[in-house]
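Visitor: Residues in the sequence shown are numbered from 898 upward in steps of one, following the working numbering. Cβ atoms here follow ideal geometry from the backbone N, Cα and C, with glycine treated the same way. Quick one: the structure is below, and I'll ask about it shortly.
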Amino acid sequence: MGEWFTVTRVDQLGPGRRDVFDIEGYYIVVFNVGGRYYAVEDQCTHDDDPLSEGHLDGYQIECPRHGARFDIRTGEALSLPAVRPTRHFDVRVEGNEVQVLIED
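Structure below.
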């Protein structure tokens, strides 16, 4: 069973923006792409660098250190040097609140 955590409001994370939140010991980066929200752990699985500092191209975030790419919709590793996915989190909007699901 998981728990939903409110991280921000819709009006605080507009399209094209991202922000990092510390939730239950996880650093999670939440993206707004075209009005839809996505969340992954803010950590490259290759070298632990923060993905939030990387370049976002569509749904792909590029690690700023070595260029590994991840799909923000699934966490899937898309290019070397990363071979393992980063953790993905479900996101929902309730009223004006953006919420992230932390699973046990």
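How many angstroms separate the CA atom of alanine 974 from the CA atom of cysteine 941?
Guide: Position 77 of the sequence shown, counted from the first residue, corresponds to residue 974. Position 44 of the sequence shown, counted from the first residue, corresponds to residue 941. Rounded to the nearest angstrom, the two C-alpha atoms are 9 Å apart.
Visitor: My output table needs one value for glutamate 890: the three-state DSSP class, helix, strand or coil.
Guide: Residue 890 falls outside the range modelled here, since the chain spans only 898 to 1001, and no answer is possible.
Visitor: Is there contact here, the segment 993-1001 with the segment 960-967, by at least three beta-carbon pairs under 8 Å?
Guide: no
Visitor: By how many angstroms is the C-alpha of glutamate 959 removed from the C-alpha of leucine 953?
Guide: As a position in the sequence shown, residue 953 is number 56, starting the count at 1. As a position in the sequence shown, residue 959 is number 62, starting the count at 1. Straight-line Cα distance between these residues: approximately 6 Å.
Visitor: Going by beta carbon distance, what residues of the same chain come within less than 8 Å of histidine 906, once the five residues before and after it are set aside?
Guide: Here residue 906 refers to the residue found at position 9 of the sequence shown. First, the amino acid is wrong: residue 906 is arginine here, not histidine. Within the same chain, and ignoring the five residues on either side of arginine 906 in sequence, the residues whose Cβ sits closer than 8 Å to its Cβ are Asn993, Glu994 and Val995.
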